[in-house]
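First the structure, in the form of structure tokens, and then the observations on it.
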Amino acid sequence: MSAPVITVTLNPALDQTITLDRLRLGEVHRAQASRIEAAGKGVNVASCLADWGIACTATGLLGAGNAEPFASLFAAKGICDAFVRCPGDTRTNVKLLDREAADTTDINLPGLQVEAAALDAVRAQLAAHGGAGSLVVLAGSLPAGLPDDSYAQLTADIARRGGRVLLDTSGAPLAAALAAQVQPYAIKPNRHELEAWAGHALWTRRELIAAAQALLARGIRLVAISLGADGALLLRDDEIVQAQPLPVAVGSTVGAGDAMVAGLVAGLLAEASLEDLARLATAFAAAKLGGIGAHLPARETVRALAAEVRVDRLQSTPHGVTP
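Here it is as structure tokens:
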């Protein structure tokens, strides 16, 4: 039996994607299409994992007033719903999809205002559904009312029970988690999130790798840096690889990073080599780019994409980084 997989989304959202021929500031637009989907980083990860065939539990905090789209998604994909319902409505995030530019403009609305005690309810769900060997994804921002060290608290709880944490967040919650005594097993920052933690720009690949190695030195076992058009850098122990992005048609970039996290989870569960982990994570992200929402195509399609991913093994030296 595989290890239990749990995703935690403390600040989920209903994503309203509005498709436009072209986005022009200051002009009136006629939308070509509009759709609303249950989302949030951990929810997106769970959705992609379910499409891949991995059973998982999704927990976090949902507004009771508009929880139905989430319940429907979980039921349709066979995801165990362990979300804690809170008074109020889950926020709506508006995504303006510009077809001509193949780009998306995000407008993220404020989330729920919750009591600090809500975190204890999530902790109870994690204790009930997880345990030794669990792989837990902590993802996204925090709602108003929760302290910046919420992910650090959950990471310590999970590690105490013998679980592993893959953390995907930014800003103060990321800084608090990385300053804590107990570190997550893995993190997936993008370039800007890593720069914010480092406190300065990371212009070169060598600088990115040095920052990631500093995180490994703190006890993190895997660092995966998403770099957009430059692919992704993955570091584990003394290994460094860079995966090149695939040339795929882009339906929407929303959720691509979450799909990458799902690919990392799938690879970790399969005990994949670092190269294969990079291939699978890149393929998950590329496969998601083809459509709107955090969904994957057939498993065979994703495997075919993974086989096409070019992965370069790098070596760090005092004089730089070499293939």
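Residue numbers (this note's numbering): 1 to 323. Glycine included, C-beta positions come from ideal geometry on N, C-alpha and C. Please read these numbers as outputs of a predicted model, since none were measured by experiment.
Exercise for review: Could you please give the first and the last residue of the uninterrupted beta strand (DSSP E) stretch that includes GLY63?
Suggested key: Here residue 63 refers to the residue found at position 63 when the sequence shown is read from its first residue. Per DSSP, GLY63 belongs to the beta strand (DSSP E) from 57–63.
Practice item. Starting from the Cα of VAL165, find the closest Cα among GLY171, VAL137 and ALA175 and give me that residue. Key: Counting from 1 along the sequence shown, the entry for residue 165 is found at position 165. Of the listed residues, the one whose Cα sits closest to VAL165 is VAL137.
Review point. Do VAL265 and LEU154 have their C-beta atoms closer together than 8 Å?
Key: Counting from 1 along the sequence shown, the entry for residue 265 is found at position 265. Counting from 1 along the sequence shown, the entry for residue 154 is found at position 154. It is not a contact, given that the beta carbons lie outside the stated cut-off.
Check your understanding: From ALA116 to VAL182, what does the alpha carbon distance come to, in whole angstroms?
Key -> Here residue 116 corresponds to residue number 116 of the sequence shown, with the count starting at 1. Here residue 182 corresponds to residue number 182 of the sequence shown, with the count starting at 1. Cα to Cα, ALA116 sits roughly 21 Å from VAL182.
Check your understanding: So the beta strand (DSSP E) THR155 belongs to, where does it begin and stop?
Key -> The residue labelled residue 155 in the question sits at position 155 within the sequence shown. Here THR155 belongs to no beta strand (DSSP E); instead the alpha helix (DSSP H) covers 150–160.
Practice item. Flag this pair as yes or no: are the beta carbons of CYS86 and ALA64 separated by less than 8 Å? Key: Position 86 of the sequence shown, counted from the start, is the residue given in the question as residue 86. Position 64 of the sequence shown, counted from the start, is the residue given in the question as residue 64. Their beta carbons are under 8 Å apart, which means CYS86 touches ALA64 by this criterion.
Review point. With respect to the beta strand (DSSP E) encompassing ILE18, which residues constitute its N-terminal and C-terminal limits?
Key: Translated into positions along the sequence shown, residue 18 becomes position 18. Residues 13–20.
Check your understanding: Ordered along the chain, which non-local residues of its own chain (more than five positions away) have a Cβ less than 6 Å from that of LEU73?
Key -> Within the sequence shown, numbered from 1, the residue matching residue 73 stands at position 73. So the list reads ALA38, once near-sequence residues are dropped.
Practice item. Check the C-beta distance from ILE54 over to VAL5 and give it rounded, since I have them as a contact under 8 Å. Key: Position 54 of the sequence shown, counting from 1, holds the residue named residue 54. Position 5 of the sequence shown, counting from 1, holds the residue named residue 5. So it is a contact: roughly 6 Å between Cβ atoms.
**Study point:** Span separating the alpha-carbon of ALA304 from that of CYS56
**Key:** Numbered from 1 along the sequence shown, position 304 holds the residue referred to as residue 304. Numbered from 1 along the sequence shown, position 56 holds the residue referred to as residue 56. Cα to Cα, the separation comes out at about 24 Å.
Review point. Touch check for the segment 202–218 and the segment 284–292: three-plus C-beta pairs under 8 Å?
Key: no
Exercise for review: Could you tell me the distance, in whole angstroms, from the CA atom of GLN125 to the CA atom of GLU68?
Suggested key: As a working mapping, residue 125 is identified with position 125 in the sequence shown. As a working mapping, residue 68 is identified with position 68 in the sequence shown. One C-alpha to the other measures close to 20 Å.
**Study point:** Residue range of the beta strand (DSSP E) that includes SER34
**Key:** Start at 1 with the first residue of the sequence shown, and residue 34 comes out as number 34. Looking at the DSSP string, the run of the beta strand (DSSP E) that includes SER34 is 33–39.
**Study point:** DSSP three-state assignment for ARG279, whether helix, strand or coil
**Key:** Locating residue 279 in the sequence shown gives position 279, counting from the first residue. Three-state DSSP puts ARG279 in a helix.
**Study point:** Straight-line gap, ALA128 to PHE83 (C-alpha atoms, nearest Å)
**Key:** In the sequence shown, the residue the question calls residue 128 occupies position 128. In the sequence shown, the residue the question calls residue 83 occupies position 83. About 12 Å.
Practice item. Express the C-alpha separation of GLY267 and ASP276 in angstroms, rounding to a whole number. Key: By 1-based counting over the sequence shown, the position of residue 276 is 276. By 1-based counting over the sequence shown, the position of residue 267 is 267. ASP276 and GLY267: Cα-Cα distance of roughly 7 Å.
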